[in-house]
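Here my numbering is used: the first residue of the sequence shown is 728, the next is one more, and so on. Glycine included, every Cβ here is placed at the ideal spot set by N, Cα and C. Below: the structure, in C-alpha cells.
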Amino acid sequence: MTNAYEAAYEESIRDPEGFWGKAAEDCHWYKRWDKVLDDSNKPFYRWFAGGELNTCYNALDLHVENGRADQVALIYDSPVTDTIKTYTYRELRDETAKFAGVLAAQGVGKGDRVLIYMPMIAEAAIAMLACARIGAIHSVVFGGFAAKELATRINDAKPKAIVSASCGIEVKKVIQYKPLLDAAIDMAEHKPEFCVILQRPMEKAEMIAGRDIDWTEAMVSAKPADCVPVAATDPLYILYTSGTTGQPKGVVRDNGGHLVALKWTMKAIYDIDAGDVFWAASDVGWVVGHSYIVYAPLFKGATTILFEGKPVGTPDAGVFWRVISQHKVKSQFTAPTAFRAIKREDPKAELMKKYDLSNFKILFLAGERSDPDTIQWSENNLKVPVIDHWWQTETGWAIAANCMGLHQFPVKYGSPTKAVPGWDLQVVDANNQQVAPGEIGALVVKLPLPPGTLPTLYKNDDRFVEAYLEEFPGYYKTADAGYIDDEGYAYIMARTDDIINVAGHRLSTGAMEEVLADHPDVAECAVLGVEDKLKGQIPIGFLVLNAGVDRPAEEIQKEVVQMVRERIGPVAAFKTATVVNRLPKTRSGKILRGTIQKIADNKEYKVPATIDDPTILGEMETALKGIGYGTARQ
728 MTNAYEAAYE ESIRDPEGFW GKAAEDCHWY KRWDKVLDDS NKPFYRWFAG GELNTCYNAL
788 DLHVENGRAD QVALIYDSPV TDTIKTYTYR ELRDETAKFA GVLAAQGVGK GDRVLIYMPM
848 IAEAAIAMLA CARIGAIHSV VFGGFAAKEL ATRINDAKPK AIVSASCGIE VKKVIQYKPL
908 LDAAIDMAEH KPEFCVILQR PMEKAEMIAG RDIDWTEAMV SAKPADCVPV AATDPLYILY
968 TSGTTGQPKG VVRDNGGHLV ALKWTMKAIY DIDAGDVFWA ASDVGWVVGH SYIVYAPLFK
1028 GATTILFEGK PVGTPDAGVF WRVISQHKVK SQFTAPTAFR AIKREDPKAE LMKKYDLSNF
1088 KILFLAGERS DPDTIQWSEN NLKVPVIDHW WQTETGWAIA ANCMGLHQFP VKYGSPTKAV
1148 PGWDLQVVDA NNQQVAPGEI GALVVKLPLP PGTLPTLYKN DDRFVEAYLE EFPGYYKTAD
1208 AGYIDDEGYA YIMARTDDII NVAGHRLSTG AMEEVLADHP DVAECAVLGV EDKLKGQIPI
1268 GFLVLNAGVD RPAEEIQKEV VQMVRERIGP VAAFKTATVV NRLPKTRSGK ILRGTIQKIA
1328 DNKEYKVPAT IDDPTILGEM ETALKGIGYG TARQ
C-alpha cells in the first residue's frame, strides 16, 4: 500500500498541473488562473498564468477575516535588547497597512523596487509585507553588509526607496547601519528617491534633509493602504545570492507559485497546522528568513518567531531552549552550525535541563551538510526527530526532505531523505546521462521546476540560462554532487567543484568531514582539496575542538587521520589535519571553503562580502603556514 508521501510524489511528477492546481485552491485569488503551468516559452516556465492575487492579503487579511484576528501572528524575541513583543494577526495587518501607506504616499507602487537593509526586528517583516501589499518588489540585503556590496545591489535593483534602521546589534556590539547605507548610496550610480529610517533607542542616525524620512514620525499620520491585486507571474522579491561579487545574481521569486508552494510545505514538510508555533532561527537577509520566518508560517495561519540573537552568547548556549520553552515552539528550523556552536559550549546539554520542552516535536536542519554527529547529539538530547533537508536560495524551499506531514521515513545519517513532491531529482554524468543508484554524479532537477522556485534572474535571462540550465539541457543544475541510493534517499556530498580528484580518484570532501565530525573531541570541521604536484589534489582537514578538551592537538590530529584511513581508505591520501580556534563562515553559517582553499593554494582571494568576521582569515593563513601551505609554500 502506498503511503501519503508516495501518492503525493507520484502525482506531482505524473500530473504537476493537477497536483499544484489542487494546492492552489487553498489560497485566495482575486482572479483564477488561466493555466496552472504555462510552458509556451521554454525554458521560462510560468506558474498560474492569468491568475491575480496578493501575497500580503494571503498572509494577513485572510486570517483576520476568517477568525484568527486575535491569534498571535508574530513574536519578536530579542535577547540582545531584552525585548519580547507579540503582534496578533490584526495588529500585524494594521501596522503593515500603515507602513504600506507610508510608501504609497511617497509614490511607491506596483513594480517599483524597495531595498530593505534591516536588522532582525519586527519592522523588517512589516516592511517586506508592506511592499507585497502594494505590489512593490522588495530586495532585502543582510543588515550590516559592507557599503560596496550594498552599492552593487542598489545599482542592480534600482530601488525607488530604501528602508533601514539606525543600527543592528551583534551580541554586545552595536553596528551602525546608517553610515554604511550613506556610503553605499554615495558609491552607487543609481540613487533612491527617499529612505525611511527607523531610529532604534541604542543609536541615533544622522538624517539627510530632503531624502530621509523618520519611520516612527511617518507612521503617525500614515493612511493605511489596501492590498493591490498583482499577476501571479509578477515578481514578489529579488534576493541576491550570498557571496557574489561583481555583478550579483538577483534571484527572482514570483507571487503566485511562491504562495502556493510555501503554504503547501508548512504541513507537508514541517507538519505545522494553523495555530502552531514555528521558529526559523535564521535572518531575513537569507532565503530561509524570507520563506520561513516571514511568508510560509503566515500563509498557513501559524505563529512565527523573529529572533534577534545568536545560539550562544545571548546570554548563553541555552537561549534556544528558553525560546522553545517560553513560546511553546512545535518545530524549529536552523543551520547545523548553530547546533554545533551550542554543542561546543555545552557538550552535555546541561542548560537544556532547565527548560520544559514538552511542546517541541521536530528539529529541522539545513543550509549546509548536517554531519551525523550533530544530528545524533541533537536526537539524544532533544528526544525528537532531527530532520536534515536540502535546498538553495534559488529553489526557495526544500528539494529533498523527510516530509513529516506526509510520512516519516527512517533517518539515514548523511542523507536529507527523499526528493520532495514536485522535484524530479536525478543524478547524471558529464554527458547528461542518468547514472546507476549509488553512483556519484551531478544532482539535477528535470524541468519544469515546481512553483515557488526562481523563474529567472532579475533582468538577466541569459545569465539564468547560462548559470543553471546550459550545462545539462532539460535540467536545472544544482551545482551539488551526490547520489541517490536504491531506496530513493538522496546524498548531497559536496558542491560539484568540491569533489576532489586525488590521483585520478574522485573523492567527496563531505564524506571525509563526516568521519572527522565523528571524533568525540571535534565540534566542527572542514575538509578541502589543495593543489599537489604529485596527486593533483590532496585533502587537508581543519578541526575545531569541543570546549574543555585538554588533550594535545597532535594526538587528536593523528586519530582523525587514522579514522579516515580506516573508513575511506588509503586512497583518500588524507594525512594532514590541523586544529584551529574557529572556521571562517558567512553570516548564515556556511563555511567559506573556497576562500580557505585559495589561501592554501597561495592564490589571490577577495574577502567575501558575506563573511561573519574578516579577522579570522589571518588566523587561517597562520594555521596553513604551520602545515606548510599558503604563503609558506615554495
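Exercise. Which stretch, first to last residue, makes up the alpha helix (DSSP H) that contains Asn-1107?
Worked result: 1099-1109
For this session: Report yes if the C-beta distance between Trp-1104 and Met-1079 is below 8 angstroms; otherwise report no.
Result: no
Exercise. Between which two residues does the alpha helix (DSSP H) containing Lys-1352 stretch?
Worked result: 1343-1353
For this session: Using the Cα positions of His-1054 and Ser-1085, report the straight-line distance between them to the nearest angstrom.
Result: 12 angstroms
For this session: Taking the CB atoms as reference points, tell me whether Gly-862 and Val-955 lie closer together than 8 angstroms.
Result: yes
Exercise. How should Leu-789 be labelled, buried or exposed, when 16 other C-beta atoms within 10 angstroms of its C-beta is the threshold for buried?
Worked result: buried
For this session: Please confirm whether Phe-1301 and Pro-1279 have their CB atoms less than 8 angstroms apart.
Result: no
Exercise. Phe-826 to Ile-848, Cα distance in whole Å?
Worked result: 15 angstroms
Exercise. What are the partner residues of Gly-893, as DSSP defines its beta bridges?
Worked result: In the sequence on display, residue 893 carries Ser and not Gly. Paired residues: none, contrary to the question.
For this session: Let me know if Asp-1003 comes out buried or exposed under the rule of 16 or more other beta-carbons within 10 Å of its beta-carbon.
Result: buried
For this session: Going by CA-CA distance only, name the one from Ala-857, Pro-975, Ala-1146, Ala-1163 that's closest to Val-1404.
Result: Residue 1404 lies beyond the residue range present for the chain, which begins at 728 and ends at 1361; the question has no answer from this structure.
Exercise. Whole alpha helix (DSSP H) runs in the stretch 1036-1071 with 4 or more residues, listed along the chain?
Worked result: 1046-1053
Exercise. Which of helix, strand or coil does DSSP assign to Pro-919?
Worked result: coil
For this session: Following the continuous alpha helix (DSSP H) through Ile-912, name the residue where it begins and the one where it ends.
Result: 905-914
Exercise. Cα-Cα, which of Leu-1270, Thr-960, Ser-1058, Ser-948 is closest to Lys-994?
Worked result: Ser-1058
For this session: Can you say whether Leu-1261 is buried or exposed, counting buried as having 16 or more other CB atoms within 10 angstroms of its CB?
Result: exposed
For this session: Tell me, please, which residues DSSP counts as bridged to Cys-1252.
Result: Leu-1270
For this session: Just grab the DSSP bridge partners of Thr-782 for me.
Result: Looking at the DSSP assignment, Thr-782 forms no beta bridge with any residue, so it has no partner.
Exercise. Between Leu-780, Ala-988, Ala-859, which lies nearest to Gly-1149 when the distance is taken from Cα to Cα?
Worked result: Ala-988
Problem set entry | Under the three-state DSSP convention, the category Thr-1180 falls into | coil
For this session: Please list, in chain order, all residues of the same chain as Val-1288 whose beta carbon is under 7 angstroms from its beta carbon, the five residues on each side excluded.
Result: Phe-1301, Lys-1302, Ala-1304
Exercise. Should Gln-845 be labelled buried (16 or more other beta-carbon atoms within 10 Å of its own) or exposed?
Worked result: Correcting the residue identity first, residue 845 is Met in this sequence and not Gln. Counting Cβ neighbours within 10 Å, Met-845 comes out buried, since at least 16 surround it.
For this session: Could you name the residues of the same chain whose beta carbon sits closer than 6 angstroms to that of Ala-854, not counting the 5 residues immediately before and after it, in chain order?
Result: Ile-843, Val-890
For this session: Would you check if the distance between the CB atom of Gly-1316 and the CB atom of Ala-1062 is smaller than 8 angstroms?
Result: yes
Exercise. Using DSSP with H/G/I as helix, E/B as strand and the rest coil, what is Leu-1152?
Worked result: strand
For this session: Could you tell me whether the Cβ of Lys-749 comes closer than 8 angstroms to any Cβ of chain C?
Result: Any reference to chain C falls outside this structure, which holds one protein chain only.
Problem set entry | Residue interval of the beta strand (DSSP E) (run including Ser-866) | 864-867
Exercise. Which term fits Gly-834, buried or exposed, when burial requires 16 or more other beta carbons within 10 angstroms of its beta carbon?
Worked result: exposed
Exercise. Can you tell which of Gly-1275, Tyr-1019, Ile-1226, Tyr-814 has its C-alpha closest to the C-alpha of Gln-1264?
Worked result: Ile-1226
For this session: Can you tell me which of the three DSSP states Glu-1258 falls into?
Result: strand
Exercise. Going along the chain, which residues of its own chain have a beta-carbon closer than 6 angstroms to the beta-carbon of Glu-822, five neighbours each way excluded?
Worked result: Ile-853
Problem set entry | Counterpart residues of Val-1172 in DSSP-defined beta bridges | Leu-1152, Tyr-1203
Exercise. Going by DSSP, which residues form a beta bridge with Lys-1333?
Worked result: In DSSP, Lys-1333 forms no bridge with anything.
Problem set entry | With 16 other Cβ atoms within 10 Å as the buried cut-off, status of Ala-731 | exposed
Problem set entry | Neighbour-count burial assignment, Ala-1274, 16 or more Cβ in a 10 Å radius | exposed
Exercise. Over what stretch of residues does the beta strand (DSSP E) that includes Phe-775 continue unbroken?
Worked result: 773-776
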